[in-house]
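Protein chains in written order, with the working numbering: chain A, 42 to 317; chain B, 2 to 291.
Taking it in order: structure first as structure tokens, then the write-up.
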């Protein structure tokens, strides 16, 4: 699909694109580099690029002082937990809407989407008060519940757009060949649905991992995931650049890697199938 | 193939999702509306008398509301202008033949995966800090005075940070849309003597209009609710200089514990978001029929 261009033109494109790409990526690169410096090197004037004594000390300090791993684990439980539960609830719904569409299917889908348009701050007060009265404030369970609900519409939508692409004819063919409904689901539909389900899981873990409204407002020291834990560095603590960088690097590394694998699903999932 | 039997099964399969979302939507929403009519402060326990529109009157006439509304519009508008124009230019560049395209793409979309609190704090401390930030070094190197971004231009600084987070999203969507553009059409136009500029205006831009609309609408939904970036950088200040509507409602409810006024603000935020949502839903709904 790319047109033939002169080598000079291609070289120019390459140089410009790499320059811009590196500029955009630079804050992340700088954070990762700083995390391996000492505090003094981190604020050295002029800034030090690569020529410093690489150290892992900050990573250990962050863990010792604030039990970093606990917050990391909170993030894992909350993001994976809410996604898995959400997908478990959404698969049957998306399945039914894709394969047994009724007159109301479209309205139902649109209504589900509309719940996603509700600004979180509009329901902050009641959720906060309900959570306070039933003891769900600052618990992982509370956040799993909220994040499951806020991401459920996206999960249903993503699964629906994937399931809709599964050809129904193949089911009829299987039935002609004498497959029972059970076998039809297990041997014919499921293998075709797995990639869609996997992409949905991936994208939603990313969204839940980075969610920073409810996690900040509903947690304190105990259940705080990384989003809320890192926010505590907004106090003077954040001026310890090397430690801030170490904490940040660990918080973004796993999701950055997952994100790079999910580029395509990202477009589809976040535009609700409006751009493919 | 849909029999009566399978219809019933389908309903059963759909109902858990619907019921959960229904509860999630209706219960808190009804409570917000209800609270917004009460004089209700968590610091003053006791009866919470019905006061009608008083909270709305208080919230809407508070000068902080107008500031927050203007800030919200500036924040959303500023980020949209930067990311949409930047996204179109960057998308066009990435659509060209080059070496290492895949890697450049990975570099460009990376900021989208950085959690808001991390990106805000990294920018605040390591770049915008007037003493030790990289921008201060750069200013010094160029012989300029260091600039205290977050106290002298708080809203603009936040617009910059949020744009950095959303530029990858816009670029990725617009690039995807560009890749579906028929190259032969462009070549034909070129042969007919259309210059690069008119090819862009008459062919590329109309092709992108749909994707641009989707980017604008989806980003608006998220940008209306920017919160973490403000919380960790400026706390809405100095004064109210970087307070948006979301942050103002948060401050009323969870900092001043004024549930009544906070709820009234929440309702106002919902109404504003719905105006955008209606347009977005229409776009997506149209696509569902196609």
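Ideal Cβ positions, reconstructed from N, Cα and C, are used throughout, including at glycine.
Keep in mind it's a predicted model, so treat the numbers as computed, not measured.
Non-local beta-carbon contacts of residue 96 of chain B in its own chain, meaning distances under 7 Å to residues more than five positions away in sequence, involve 176, 179, 180 in chain order. For residue 271 of chain A, a Cβ of chain B is located within less than 8 Å of the residue's own Cβ.
Taking C-beta atoms under 8 Å as the contact rule, residue 92 of chain A and residue 287 of chain A fail to qualify, at a distance of about 19 Å.
In this structure, the CA atom of residue 39 of chain B is about 6 Å from the CA atom of residue 50 of chain B. Per DSSP, the beta bridge partners of residue 51 of chain B are B/39. Taking all protein chains in view, the Cβ of residue 134 of chain B is crowded by 16 or more other Cβ atoms within 10 Å, so the residue is classified as buried.
Around the Cβ of residue 311 of chain A, a 10 Å sphere holds 16 or more other Cβ atoms; the residue is buried. Taking 8 Å as the cut-off, the Cβ atoms of residue 242 of chain A and residue 267 of chain B do not count as close. Counting of Cβ neighbours within 10 angstroms places residue 64 of chain A among the exposed residues, the total staying below 16. Flagged as an interface residue toward chain B: residue 254 of chain A, by a C-beta distance shorter than 8 Å. In this structure residue 282 of chain A is buried. Its beta-carbon is surrounded by 16 or more other beta-carbon atoms within 10 angstroms. Interface flag for residue 68 of chain B against chain A is unset, since no Cβ pair is found closer than 8 Å. In this structure, residue 56 of chain B keeps its C-beta atom at 8 Å or more from the C-beta atom of residue 258 of chain B. When CB distances to chain A are screened at a threshold of 7 Å, the residues of the region 238–252 of chain B falling below it are 247, 250, 251, in chain order.
The continuous alpha helix (DSSP H) containing residue 109 of chain A extends over residues 109–140. Scanning A/261, A/246, A/250 for the CA closest to the CA of residue 125 of chain A turns up A/246. By the neighbour-count criterion, in which 16 or more other beta carbons inside 10 Å mark a residue as buried, residue 112 of chain B falls on the buried side. Residue 271 of chain A counts as buried, since at least 16 other C-beta atoms from the protein chains shown sit within 10 angstroms of its C-beta.
Here residue 259 of chain B is bridged, per DSSP, to B/42. Shown here, residue 205 of chain A sits in coil according to DSSP, grouped into three states, outside any helix or strand.
Taken atom to atom, the span from the alpha-carbon of residue 201 of chain B to that of residue 217 of chain B is near 20 Å. Non-local beta-carbon contacts of residue 255 of chain B in its own chain, meaning distances under 8 Å to residues more than five positions away in sequence, involve 263 in chain order.
Neighbours of residue 66 of chain A in chain B, taken as residues whose beta carbon is under 9 Å from its own, are 107, 108, 109, 111, 112 in chain order. Counting every other CB atom within 10 Å of its CB across the protein chains shown gives residue 8 of chain B a total below 16, marking it as exposed. Here residue 256 of chain A is near residue 184 of chain A, since their CB atoms are less than 8 Å apart.
Against chain A, the CB of residue 8 of chain B has a partner CB under 8 Å away; the residue lies at that interface.
Linking residue 91 of chain B to residue 114 of chain B through their CA atoms gives a straight-line distance of about 18 Å. Residue 219 of chain A carries a coil assignment under DSSP once its states are collapsed to helix, strand and coil.
Contacts with chain B (Cβ-Cβ distance below 9 Å) from the region 71–105 of chain A involve 71, 72, 75, 83, 84, 86, 87, 88, listed in chain order.
For residue 151 of chain A, the C-beta contacts it makes with chain B under 8 Å involve 282, 285, 286, 289, in order along the chain. Within chain B, 254, 255 have C-beta atoms less than 8 Å from the C-beta of residue 169 of chain A, given in sequence order. Chain-ordered listing is empty here: chain B has no CB closer than 8 Å to the CB of residue 284 of chain A, the nearest sitting near 11 Å.
DSSP places residue 132 of chain B in no alpha helix (DSSP H); its state is neither H nor E.
Ranked by how close their Cα comes to the Cα of residue 79 of chain A, the residues A/168, A/121, A/293, A/280 have A/280 in first place.
For residue 313 of chain A, the C-beta contacts it makes with chain B under 7 Å involve 285, in order along the chain. A Cβ-Cβ contact shorter than 8 Å links residue 128 of chain B with residue 68 of chain A.
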